[in-house]
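Protein chains in written order, with my numbering: chain A, 1 to 346; chain Z, 1001 to 1346; chain B, 2001 to 2346; chain X, 3001 to 3346. From the three backbone atoms N, C-alpha and C, an ideal C-beta is built for every residue, glycine too. Quick caveat: nothing in here was measured; it's all calculated off a predicted structure. Please read the structure below before turning to the comments.
Protein chains: 4
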Amino acid sequence: MKALVYHGPGSKSWDDVPDAQLIDATDAVVRVTATTLCGTDLHILKGDVPDTAVGRILGHEAVGVVVSVGSAVTTVRPGDRVLVSCVSACGRCRYCREARYGQCLGGGGWILGYKIDGTQAELVRVPFADTSTYPVPVGLDDEAVLMLADILPTAYEVGVVNGGIRPGDTVAVVGAGPIGLAAISTAQLFSPSQIIAVDLADSRLEAAKQFGADVVVNNSREDVEAVVASLTDGLGVDVAIEAVGVADTFELCTRLVRPGGRVANVGVHGGPAVLHLEDLWTRDVTITTGLVDTWSTPTLLTLVRSGRLDTRPFITHRLDLADVVRAYATFGNAAETGALKVVLHA
Amino acid sequence: MKALVYHGPGSKSWDDVPDAQLIDATDAVVRVTATTLCGTDLHILKGDVPDTAVGRILGHEAVGVVVSVGSAVTTVRPGDRVLVSCVSACGRCRYCREARYGQCLGGGGWILGYKIDGTQAELVRVPFADTSTYPVPVGLDDEAVLMLADILPTAYEVGVVNGGIRPGDTVAVVGAGPIGLAAISTAQLFSPSQIIAVDLADSRLEAAKQFGADVVVNNSREDVEAVVASLTDGLGVDVAIEAVGVADTFELCTRLVRPGGRVANVGVHGGPAVLHLEDLWTRDVTITTGLVDTWSTPTLLTLVRSGRLDTRPFITHRLDLADVVRAYATFGNAAETGALKVVLHA
Amino acid sequence: MKALVYHGPGSKSWDDVPDAQLIDATDAVVRVTATTLCGTDLHILKGDVPDTAVGRILGHEAVGVVVSVGSAVTTVRPGDRVLVSCVSACGRCRYCREARYGQCLGGGGWILGYKIDGTQAELVRVPFADTSTYPVPVGLDDEAVLMLADILPTAYEVGVVNGGIRPGDTVAVVGAGPIGLAAISTAQLFSPSQIIAVDLADSRLEAAKQFGADVVVNNSREDVEAVVASLTDGLGVDVAIEAVGVADTFELCTRLVRPGGRVANVGVHGGPAVLHLEDLWTRDVTITTGLVDTWSTPTLLTLVRSGRLDTRPFITHRLDLADVVRAYATFGNAAETGALKVVLHA
Amino acid sequence: MKALVYHGPGSKSWDDVPDAQLIDATDAVVRVTATTLCGTDLHILKGDVPDTAVGRILGHEAVGVVVSVGSAVTTVRPGDRVLVSCVSACGRCRYCREARYGQCLGGGGWILGYKIDGTQAELVRVPFADTSTYPVPVGLDDEAVLMLADILPTAYEVGVVNGGIRPGDTVAVVGAGPIGLAAISTAQLFSPSQIIAVDLADSRLEAAKQFGADVVVNNSREDVEAVVASLTDGLGVDVAIEAVGVADTFELCTRLVRPGGRVANVGVHGGPAVLHLEDLWTRDVTITTGLVDTWSTPTLLTLVRSGRLDTRPFITHRLDLADVVRAYATFGNAAETGALKVVLHA
């Protein structure tokens, strides 16, 4: 089969490799019909993720058709159309039993395209298929559900649900890249009264408006804290969602939040931040971090099927799977291409 | 002043009475600019509520302007435009300290137009004004907020929040009168995937669609349980809201709900229901009852102000306050007049 | 092997039967070293449970040693000492993914000794072994953990946790049989300020005191409602746990609970109760039902291991497994024998 | 009257001052029968709290007898024995309505002995008396309840409840001064399986054992992380409570906690800490800060009254109120005197 293979920092190619095959009794092999790229793939390619071995097939998001299943798989059958989740779940460990699949101790968690071969390929082996794939509802095409492989559950679980958004809340989303936009999109499921998007780029803030932000603030030239104060009687936001992954924006979130509010970190951080406990210790603030668990995937599928959630606006570019190298160029240069998510169809 | 006085079962009139006056240091007197009628007023007039003394001024919903305040009132001043809540809260007892104002042990709870004189009058004395009135946000007229005096917080707190609606849920609302419609309206704040309205009258089901129901079922001629089963893979709804107040509809709710689901009773009941524990004991069902507390009033005001919640569609008729007797005729004959809420302007 | 076989209403015997064997890849076969009897076994023997076929081996509680495992079992190995849970969990269905194993849609739930052969035997086949057995911590003997197969998680999950007991609460436990006593025992994990046990038998009330009840009330001769009123400033209890399974005691619980309180039904009911909604609709009461899920088994094992929970006092009689018919006589005549739980050792 | 007056950094004396008097209609004046010193008093005396004016009477904990009440006070009467809470609550603002009294926007919060005159005096004016004092249950003496003025609710609310301790949990309490010991004491209300106390001083660790710690670790010479790993199968604790108030111990807490666990900060911090988001972003960690709200005071009073909570072991020294200057010497030199709480009786 063909697959996008990581050859070390800065190097990748669309190679001939052996077909993905069943290894464990709980595996499925899935023929990929659609896949996409994630910021994490770029991190791996930069060499930021030393756990990823040279020779690894990248990618952790896919929709496809089951080709074969191991002897212990009972709920998925060859021919089924399935969503392949970015997180694999053994279904047996203490974390999986609490639906914290991202913390799986039984060999799951985020492993696809990271510790095992991934989805940017014609075929992919999916471990723990019973608890790591989701049937695609009849009537939904690949693009309707592909965003549920990672970006939507990540923003929803780690941003919106950890943030505890309630009807009427004021929410700040700091960072309006794909994950920030997904937080803006799914925050609306809980009916906040105003969503304030913060970013350095006007183009991303324009997108934020399209996805539902009520107010946008360019923090390269505007005083975010002053804007928030003016919109919240000086108190601060109920919930601040960090969707960038750098110290400055995290620290900004801790200043934007009102006493009793919540800061939900979604960003991927490469270094520490300063936590101003001398200010925060009295302020009843809750800060959460988290890896996506994908417990919300069935919920999000239901919302897509019922027309409550439209994930298509995230897809800005479409290419053939064989053009995956070009897709990386498009996605990696989002500032110029305006790419949010680039979908590869097989 | 003029007021609508209860003269015993079946008898009421628009009378000259002494002006409402301050009694306690925590009181305010409010000049009513808009009020409305509630199903409970009809119950009192029928004689179903023996606690209500002859001579009582009816009504527990109003918007108005503060005329005077007692010496202990600190947050409300003469001239302020306020929403008068149907529930008074002493703010000091154990229930008020848990925001369960409807259960107030300090002299509050639902008393207006029931145990003390109410709002269908030119002036009304409001006890515990600091914790029982809410400033009307600038820019909102009386009709924009009057529905927040009772019907909206009742449906939201006792139906939607007690029901624990989550994004993606399937919700059945049994009864599509004003309270049921308010439940349908506010349920959408939590983004259920489908709302099923059940009623005996096609006209009310038509209204239910206007307020956001996805599916309507006339249980005078359709098999509700079969419809629900077909829409939920045979499991039942996640949340069933009872908004009628009779045994049959309550019992229906307990049959409609899936294992692990919730039944939220909002209806005012005059008699018992049968609880089929022989079926329910294994089904992980939660049943809640409740009087409105109005803890959600600030939230709902925020949602109205931000345009997230439109309460005007509840208002079907408008009359002068002096026409309150005629308003009762209109409201009491809703089957013919199609009345949902009748607003009286002063 | 030998096993206790159900031969139809009123009839059972200790028979020679074929050895339990692996059927599915997810099965384990366990050699039983200790088992016990449950009130449900008596129901089956009376013929109250028509789903149970003639020829069925009874029993759903055991500790034992794994003899063999199917090809898909990964966390349990031959030779492991395990607790066999009364509830089997497929680990894959929507309910198992929410840890509501009692509602399993994938072939689990309560099936042992009911729909499939059970634990009152020398060997038992346990389906879904990875998610339905629990390793016995080193240093704990069979009697230390056997009560965690059913009675303790049932009382804890369905009574104590569903009841939402908080430190300082006043709790009424109605019914002081084994399940009521287990509720009294595990309620203390949340430090209520007083536990009131209610029963018709002084001997059971005496046991209730031993298990931690602060106040006992014999409702054959005392006015429970008056006692509760005197202990709660007239308000009622925070939490009432029904542990009998008849209409009268359930209805009593709904009268004992304070406004804002919770009624947790644990009892197995054969008929309906009357729900006095005309009183309850205003009282903010929450009523829960439930089958045990056994999500708490790891927690309870930890508490036993750390010495926080002592389950031995439930064991009043010990017999050899081969004496199981005699054990039924002892357990079935608890009024005379004083039996709580009868343990059978192999 | 006599009172302990702050005369600027390092300076205080027991002075003649004008009697405390009613100012607002919601005030009470209380004759102090017992008061105590808090670490915060030492901070003020050091000059760390510039908001505190020279001339201020210190102290924010007391039991006493009501002498007079303002015209708007309805639930407290002269002659009543009351606990004076360290936090005053206006009872009307949005925070008070959520029981977050520590964040009161209406003139309350922590003000006694800080922004207004405090309790280390013969008389004290208590604002918002209806919502800021608690009747002392009959039969309880001053020492039985004085610890509920601050230290117990602080440790319970900000440490134990914010930490979300559940039965069976492993809890680390870092810092075994009075607040840490109070956290150890109240953590047991939720039945953790093991409490690990961490401190630099063996004498405090000895106290920790007396208050209920199962394991003590001196982090001046032991590797706390290794000990925790060995006690938790390498995962980390479920809940870590920071009770020191310096960056090092806070950062230690973030390393001790397992994925999915919680860090509850109780310590008073004078500077920032480093938050290692590069490690924490994937670990599903929740961090909370908070000022005490004293919503739990009625609960804790109930627990004391029922004998479930014994607060006397915190009291190591007793003096006459007039000896308050000596009391500061004893309390301020706890390393030598072994003082936990020094009670002053009038």
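How is residue i classed by DSSP in three states: helix, strand or coil?
i	result
Z/S1071	coil
X/P3026	The sequence as given places Thr at residue 3026 of chain X; Pro does not occur at that position. X/T3026: coil per DSSP, three-state reduction.
Z/T1337	helix
Z/Q1120	coil
B/S2088	strand
Z/G1039	helix
B/V2158	helix
A/D284	coil
X/R3318	strand
B/Y2006	strand
A/D293	coil
A/T330	helix
X/V3049	coil
A/D15	strand
B/G2064	strand
B/L2083	strand
X/V3324	helix
B/T2033	strand
A/L303	helix
A/L344	strand
Taking buried to mean at least 16 other C-beta atoms within 10 Å of its own C-beta, is residue i buried or exposed?
i	result
X/Q3210	exposed
Z/R1312	exposed
X/P3259	buried
B/R2221	exposed
B/Q2021	exposed
Z/K1046	exposed
B/D2199	buried
Z/H1317	buried
A/A3	buried
Is the closest heavy atom of the ligand NAD to the C-beta of residue i under 6 angstroms?
i	result
Z/V1069	The model on display carries no ligand, and the ligand NAD is accordingly not part of it.
If you drop the 5 nearest sequence neighbours on each side, which residues of the same chain put their C-beta closer than 7 angstroms to that of residue i?
i	result
B/V2145	V2063, L2083, V2136, L2301, V2304
A/C93	C104, L105, G106
Less than 6 angstroms between C-beta atoms, sequence neighbours within five positions excluded: which residues of the same chain meet that for residue i?
i	result
X/D3019	M3001, L3123
Z/D1273	Reading off the sequence, residue 1273 of chain Z comes out as Ala, not Asp. Taken in chain order, the residues that qualify are A1247, F1250, E1251.
X/T3337	T3330
B/A2264	G2159, N2162, G2163, I2241, T2288
Z/V1117	The sequence given here places Asp at residue 1117 of chain Z; Val does not occur at that position. Closer than 6 angstroms at the Cβ level, and outside the excluded window around Z/D1117, lie I1057.
X/Y3114	T3052
Under 7 angstroms, do residue i and residue j count as touching if we go by C-beta distance?
i	j	result
X/V3285	X/V3257	yes
A/G245	A/H269	yes
Z/L1319	Z/A1329	no
B/A2183	B/A2213	no
Ignore the nearest five residues each way along the sequence and tell me which others in residue i's own chain have a CB closer than 8 angstroms to its CB.
i	result
X/V3161	S3296
B/P2178	G2039, I2151, F2314, L2340, K2341
B/A2025	G2070, S2071, A2072, V2073
Z/G1010	L1045, K1046, G1047
Practice prompt. Let me know the alpha helix (DSSP H) ranges lying completely inside the stretch 1165-1237 of chain Z, each 4 residues or longer, listed in chain order.
Written response: 1178-1187, 1202-1211, 1224-1231
Worksheet entry | Residue ranges of each alpha helix (DSSP H) within the stretch 103-150 of chain A, 4 or longer | 129-132, 142-146
Discussion item. Suppose only complete runs of 3+ residues qualify. What are the beta strand (DSSP E) ranges in the stretch 1233-1279 of chain Z, listed by chain order?
Written reply: 1237-1242, 1257-1265, 1273-1275
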